[in-house]
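Trainee: Sequence positions in the sequence shown follow my numbering and run 174 to 280.
C-beta: ideal position from N, C-alpha, C; glycine also.
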Amino acid sequence: MTLYKPSFGAERPKVITIPREFTGIADRAFEGWTSLQKVILPKGIEYIGHNAFNGCSSLQSVDIPKSVKEIGDWAFKECCSLRSVVIPEGVKKYPGLRSRGASTFDR
């Protein structure tokens, strides 16, 4: 099951834990969510869509589980508070993974 744009109204939490029944994050799911500081992904997640966290300027922490096989283009674009993302060895597809503001993408 894919997580599409979640609806929290005006009160968007700073920390999100994605429920384990989700296997993917849709394109642009959290785009522009400037208050988001941390996202916790379940171990069964398999893909992160294009621009999934684009514009999440307060995002500081993302732990990508080993189950992820694909990270879409610009998934972490404009995440200027994000200092590093560790890409697990099992990720087979991350074409042009780019981020403005993140210092490093480690493998």
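(1) Taking all protein chains shown into account, decide if glutamate 194 is buried (16 or more other Cβ within 10 angstroms of its Cβ) or exposed.
(2) Assuming glycine 197 and isoleucine 218 are in contact, meaning their beta carbons sit under 8 Å apart, how far apart are those beta carbons, in whole angstroms?
(3) Based on DSSP bridge pairs, tell me the residues matched to glutamate 243.
(4) For threonine 196, write down the residues that DSSP places opposite it in a beta bridge.
(5) Would you kindly report the start and end of the unbroken beta strand (DSSP E) that includes serine 231?
(6) Which first and last residues belong to the beta strand (DSSP E) in which threonine 190 is found?
(7) Residues in its own chain within less than 8 Å of glutamine 233 by CB, not counting five upstream and five downstream?
(8) Is it buried or exposed for isoleucine 310, if we count other Cβ within 10 angstroms and need 16 for buried?
(9) To which residues of the same chain is serine 240 closer than 7 Å at the C-beta, ignoring the five residues directly before and after it?
(10) Determine the DSSP secondary structure at isoleucine 237, reduced to helix, strand or coil.
Mentor: Once the coordinates are examined:
(1) So glutamate 194 counts as exposed.
(2) 7 Å
(3) Tyr220, Lys266
(4) Answer is none; threonine 196 lacks a bridge partner.
(5) No beta strand (DSSP E) contains serine 231, which DSSP labels as neither H nor E.
(6) 188-190
(7) Setting aside the 5 residues that flank it on each side, glutamine 233 is surrounded in the same chain by Gln210, Lys211, Ser254, Leu255, Arg256, each with a C-beta closer than 8 Å to its C-beta; the list follows chain order.
(8) The structure shown has nothing for residue 310, since the chain only spans 174 to 280.
(9) Lys216, Gly217, Ile218, Glu219
(10) Isoleucine 237: coil per DSSP, three-state reduction.
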